[in-house]
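A short write-up of the structure that comes next.
2 protein chains.
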Amino acid sequence: MDLVKKHIIKNNTKLLLIVLDGLGGLPVENGKTELEMAKTPNLDRLAKESALGMHIPVDYGITPGSGPGHLGIFGYNPVEYQIGRGILEALGLGLELKDTDIAVRGNYATVEEFNGKLIVKDRRAGRISSEENKRITQKLASAVKNIGDVQVILSPGMEHRFAMILRFPTPLPEGSDRLPDTDPQKEGYEPIIPQGDGVAMVVREFLKRAQEVLKDEPKANYVLLRGFSQKPKIESFEEKFGLRACAIAVYPMYRGLASLVGMEVFKAESLQEQIKLLKDLWENYDYFFFHIKKTDSYGEDGNWRGKIQVIEEFDGLIPEFLSLKPQVLVITGDHSTPSVLKGHSWHPVPVLLHSPYVLGRTSERFTERECLKGELGIFPAFKLMNLMLAHSLRLSKFGA
Amino acid sequence: MDLVKKHIIKNNTKLLLIVLDGLGGLPVENGKTELEMAKTPNLDRLAKESALGMHIPVDYGITPGSGPGHLGIFGYNPVEYQIGRGILEALGLGLELKDTDIAVRGNYATVEEFNGKLIVKDRRAGRISSEENKRITQKLASAVKNIGDVQVILSPGMEHRFAMILRFPTPLPEGSDRLPDTDPQKEGYEPIIPQGDGVAMVVREFLKRAQEVLKDEPKANYVLLRGFSQKPKIESFEEKFGLRACAIAVYPMYRGLASLVGMEVFKAESLQEQIKLLKDLWENYDYFFFHIKKTDSYGEDGNWRGKIQVIEEFDGLIPEFLSLKPQVLVITGDHSTPSVLKGHSWHPVPVLLHSPYVLGRTSERFTERECLKGELGIFPAFKLMNLMLAHSLRLSKFGA
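As you go down the protein sequences, you meet chains P and E in turn.
Under our numbering, the first residue of the first sequence is numbered 815, with each subsequent residue one higher.
Under our numbering, the first residue of the second sequence is numbered 815, with each subsequent residue one higher.
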């Protein structure tokens, strides 16, 4: 039984979720984390009168990718809903996905004929430049627009990477994406050619035509395909929580993740533009997902000074968010990206929930250690939506 | 696998659960909650040497009714065991329930014939007085004592409300309570008459006879029935936990909830009388559920001064409870009822567990914020029984 769905009430409250990607950290200097070193007078003030806690994105010790990280804070148990690699790659490159699509991650590769066999010589085509990639992808895209009635959509990525969508004219049966990667994972081996009908046949034909188009390229003379995947079947955010939701993000990946759960997505070029959009859209939606990327990027680079700077810049914008008077404001991350680990991590993520219906005054600042003292405790990320709905008085009583 | 049941040990310890209904609160003045404002020297002393924590009654963000609230602290997952509306209404009005009963919530209503059809004109019969209700219920009860071999039991409630039990001579198959409400929910519509055999036939006959008996009433000339429900199948407290248990409560609802899990119930008219009963019964049981209602009532009224007064009055009685030397004493609520919300809420509820086998000295007082610092953390209400059993050394080791 879905306890939450059964008890949804609609009202006019506004819920704002601000995600500082990869927010949580570990000590970087003098035993202090990025959040602890940052000067954040506005967050400090807010923290004193908010409910604080930490969320666990997926499970104890589990480091999430961006997909599960966001599904969790959107209220979906990320273990139940999994997003295929191809889908994620396509979203990251800004491709829109339809229910009849198969999405794939592609690599340009170098192959050689050897005793009549095709052998992978370089799985990354010498890591060609992103510029070179653009040229080659354009060439391939204009030569192979479709395979029969299947539309082929290509988008260049960084270096040797690209995303491909095979858009079928009609819905595919579930499991149509269960195709092995064509990438043999090791050089000196043959690519793995999928066998059988349906999607496999389309893929075989695509490979044949790509080989023909790319045959004169010095490096990128072949493609390897991985992570065949269909758009996951996910109950929409509005169905599940009764909220008209939108996402405001600079990076395509996060708009894409929001669109997977049915949020309407809006693109901005900068944090300032995002805030302007937020204000413009304020009357049109109930729930706003506001994504800030750079905390994660600097964390990934191990650049803790950069991460601190993004946090401080965000702190300066807090009055702008508060001026909208959201009934529930949550500030958190989708996962931790400690600068010392130069990558995502499993550590719980600080959460701040601002609402009139909290205890507050448990903590002095919005930091990992201060959030541990908070009234929300350490809780699974996918329960965050329960809390946001409750604090906006959008859940009726369970049982008499 | 039921870990607890498999490891039950019997001994002579006494376990006392004191429930201050709707105990948890939110800041009401100067940022302080009702518990924080109350002068509670005895609770303060006890808190310093007890294990403290917070329980979540049902789930994050879920506001429980009295039924789920109590099932949780009795050690039953309230999501697994749901109590029908009719059952709860009957318990609240002090009716005893048998396994062969169908319980229903009733409203007196005003109907009119219109083109040969019965139309609901007022779903609440103009909110007749409770006095008027008593008279009408008596009249109906003496006219309709049974339908065939099914006994009809009626009990008047407040204003237009009443509870009815249809007591069948033999057990009913599960799902016999799956009848639609006869209340059309809107005025100007016909009542919904249940179709089919069995319980539906009895209900149809009751409706016909009630209409006949009430036909000359100016307002309450019909009845609408809602929330048909059977007594839930719940493993008894003694089977589940190996404890002979009793409940001491002033209000019928809470005795009723305790009786649903098989506790013996004792009625008192006041807190003083409850304490006398507790002392008298002390040798006869292992587990005592002691219910104090007024914290919730004042919370529901938004009367935080009243709530504080009840807490302070209770504090004065702590020495009486301690004089009995229970091996495990728990003081908590079934849910929070913050005065500022004038109703039940989803907020975690303070828990104090007194036993020789605790750390203690984590906190200065028994308040929401001080309980957050405690050794029990934030935990699901239905795990409270595990903790009470463990601290009474009534659970053997799991595994070798």
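Every residue gets a Cβ at the ideal spot worked out from N, C-alpha and C, and that includes glycine.
Under 9 Å by beta carbon: chain E residues contacting residue i
i: THR827/P; result: Chain E residues near THR827/P: none, gap ~14 Å exceeds 9 Å.
i: ALA1204/P; result: TYR874, GLY875, ILE876, THR877, SER1159, TRP1160, HIS1161
i: LYS1197/P; result: ASP873, TYR874, GLY875
Within chain E, partners of residue i - CB distance below 8 Å
i: ASN1117/P; result: Within 8 Å Cβ-Cβ: nothing; ASN1117/P doesn't reach chain E, min ~35 Å.
Short CB-CB distance (under 8 Å) between residue i and chain P
i: TYR1068/E; result: no
i: SER880/E; result: yes
i: ARG992/E; result: no
i: LEU1028/E; result: no
i: LEU1155/E; result: yes
i: LEU1167/E; result: no
i: LEU911/E; result: no
i: LEU902/E; result: yes
i: ARG899/E; result: yes
Exposure of residue i, with buried meaning 16 or more beta-carbon neighbours within 10 Å
i: ASP915/P; result: buried
i: ILE950/P; result: buried
i: GLU988/E; result: exposed
i: ARG1179/P; result: buried
i: PRO1133/P; result: exposed
i: MET978/E; result: buried
i: SER1050/P; result: exposed
i: ASP873/P; result: exposed
i: SER1153/P; result: buried
i: LEU1190/P; result: buried
Chain-ordered chain P contacts of residue i [CB-CB under 9 Å]
i: VAL872/E; result: LEU817, PHE1212, GLY1213
i: THR1146/E; result: Those do not exist, as THR1146/E stays about 16 Å from chain P at its closest Cβ, beyond 9 Å.
i: GLU988/E; result: Under the 9 Å cutoff, chain P gives no residues; its nearest Cβ is about 17 Å from GLU988/E.
i: PRO841/E; result: VAL1172, LEU1173, GLY1174, ARG1175
Cross-chain neighbours of residue i in chain E, by beta carbon under 7 Å
i: PHE1193/P; result: TYR874
i: LEU1057/P; result: Here the premise fails: no neighbours, minimum Cβ distance about 14 Å.
i: LEU860/P; result: The premise fails here: LEU860/P is roughly 15 Å from chain E at the closest Cβ pair, so nothing lies under 7 Å.
Minimum Cβ-Cβ distance from residue i to chain E less than 8 Å
i: GLU1189/P; result: yes
i: TYR1171/P; result: yes
i: LEU1143/P; result: no
i: LEU1229/P; result: Limits of chain P in this structure are 815 at one end and 1214 at the other, which puts residue 1229/P out of reach.
i: LEU1201/P; result: yes
i: LEU866/P; result: no
i: LEU1209/P; result: yes
Residues that residue i contacts on chain P, provided the C-beta gap is smaller than 8 Å
i: GLY845/E; result: GLY1174, ARG1175
i: GLN896/E; result: GLY1213
i: GLU1182/E; result: LEU1173, GLU1189
Under 7 Å by beta carbon: chain A residues contacting residue i
i: PRO1164/E; result: No chain A appears in this structure, whose protein chains are P and E.
Requested in this report: Flag this pair as touching only if the stretch 1168-1175 of chain E and the stretch 1135-1143 of chain E have three or more C-beta atom pairs under 8 Å; answer yes or no.
Outcome: yes
Query raised in the report: Is the stretch 1034-1042 of chain E touching the stretch 981-999 of chain E, taking contact as three or more C-beta pairs under 8 Å?
Result: yes
Report task. Would you check if there are 3 or more beta carbon pairs closer than 8 Å linking the stretch 1112-1122 of chain P to the stretch 1072-1082 of chain P? Result -> no
Report task. Report yes or no: do the stretch 1015-1034 of chain E and the stretch 950-959 of chain E share at least 3 C-beta pairs separated by less than 8 Å? Result -> yes
Query raised in the report: Taking only runs of the beta strand (DSSP E) that begin and end inside the stretch 1089-1141 of chain P, which ones reach a length of at least 3 residues, in chain order?
Result: 1101-1106
Report task. Give, in chain order, every unbroken run of the beta strand (DSSP E) that is at least 3 residues long and sits entirely within the stretch 1061-1088 of chain E. Result -> 1078-1081
Query - Segments of 4+ residues assigned as alpha helix (DSSP H) that fall wholly inside the stretch 977-1023 of chain P - result: none
Query raised in the report: How about the stretch 1064-1071 of chain P and the stretch 1014-1024 of chain P: do they share at least three Cβ pairs that are nearer than 8 Å?
Result: no
Query raised in the report: Does the pairing of the stretch 900-909 of chain P with the stretch 934-945 of chain P give three or more beta-carbon distances under 8 Å?
Result: no
Query raised in the report: Per the contact definition of three or more C-beta pairs closer than 8 Å, is the stretch 849-865 of chain E in contact with the stretch 1091-1103 of chain E?
Result: no
Query - Whole beta strand (DSSP E) elements within the stretch 881-965 of chain E, 3-residue minimum - result: 915-928, 931-936
Requested in this report: Evaluate the contact criterion for the stretch 815-822 of chain E versus the stretch 1182-1197 of chain P: three or more CB pairs, one atom per stretch, below 8 Å.
Outcome: no
Query raised in the report: Which runs of the beta strand (DSSP E) fall wholly inside the stretch 851-878 of chain P and span at least 3 residues, in chain order?
Result: 865-870
Query raised in the report: Are three or more beta carbon pairs between the stretch 874-882 of chain E and the stretch 997-1016 of chain E nearer than 8 Å?
Result: no
**Report entry** Whole runs of the beta strand (DSSP E) within the stretch 1152-1199 of chain E, excluding any shorter than 3 residues
**Finding:** 1163-1168, 1191-1194
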